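Student:
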Amino acid sequence: LCHYVDFSSASATPNVDYASRASRKLRQLQKYIEVERRVRQTMSNKFVADCARVQECQRNSYAYSASAAPWPAYSDLEAFVHTFVMGPRGSLADREFHGIPLLDLILDYTNRTPNGAVDRATAWNTSLRFVRENFVKLHVYAEESKGTLIRESPSYSFVEVLSELGGIGGLWAGMSLVTFVEVLEFLLLFGA
């Protein structure tokens with residue numbers, strides 16, 4: 099709503115008229131914005147209130163639990179390192195991470211001797227530590243393999259409701275008629 103007004107070529111009166119029109123438009127726009135805000139708030143409150151009363155049609159809920167244990171077990175750690183870290187083809191020794199062989203990354207954890215050679219005992223301990231700190235075995239499964247399906251259906255159909263009402267109405271009308279006839283008979287017998 100900010101406009102450049104050239105005061106050099108225009109007289110003072112048109113600028114005042116322009117400013118007052120812009121001011122009126124701004125006030126009108128602010129009123130519209132306030133009305134829109136109130137309508138949005140009202141609709142939001144109504145939507146939340148309506149949704150709170152309606153039962154959901156379908157709900158999926160999952161129970162979960164987590165447990166953790168050191169992996170691989172100490173008894174399997176040596177075989178794991180031999181097989182997957184330093185082992186045959188397809189092991190980490192053949193794989194690369196950003197162009198650097200993974201085995202070299204593991205061995206960089208070790209303390210090298212002054213001539214740059216790797217101490218095998220230190221490398222082995224470092225490999226074990228590397229596996230412990232950087233490998234994870236994740237097993238995801240359903241805690242329960244069963245589900246519960248709850249289906250709601252009306253206990254009476256419209257036809258059954260009419261049938262029940264007709265039966266009750268007929269019984270009431272029949273009993274009323276019998277009672278009326280019995281009372282009439284009683285009055286005739288004792289009144290005569």
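Taking our numbering, the leading residue of the sequence shown gets 99, the next gets one more, and so forth. A virtual CB, placed ideally from N, CA and C, is assigned to each residue, including glycine. Computed from a predicted model, the values in this text were never measured in an experiment.
1. Taking 8 Å as the threshold (C-beta atoms), are residue 178 and residue 234 in contact?
2. Could you compute how far the alpha carbon of residue 280 sits from the alpha carbon of residue 259?
3. In its own chain, which residues sit with a C-beta less than 6 Å from the C-beta of residue 241, not counting the 5 before and 5 after it?
4. Whether or not the region 155-170 and the region 241-252 are in contact is what I'm after, with contact meaning three or more pairs of Cβ atoms, one per stretch, closer than 8 Å; do they touch?
5. Have a look at residue 121 and residue 129 and give me their C-alpha separation to the nearest angstrom.
6. If you follow the alpha helix (DSSP H) that residue 276 is part of, which residue opens it and which one closes it?
7. Do residue 175 and residue 226 have their CB atoms nearer than 8 Å?
8. Looking at the structure shown, is residue 123 part of a helix, part of a strand, or coil, going by DSSP?
9. Roughly how many angstroms lie between the CA atoms of residue 253 and residue 264, to the nearest whole one?
Tutor: Taking the coordinates as given:
1. no
2. 31 Å
3. 161
4. yes
5. 12 Å
6. 256-289
7. yes
8. helix
9. 18 Å
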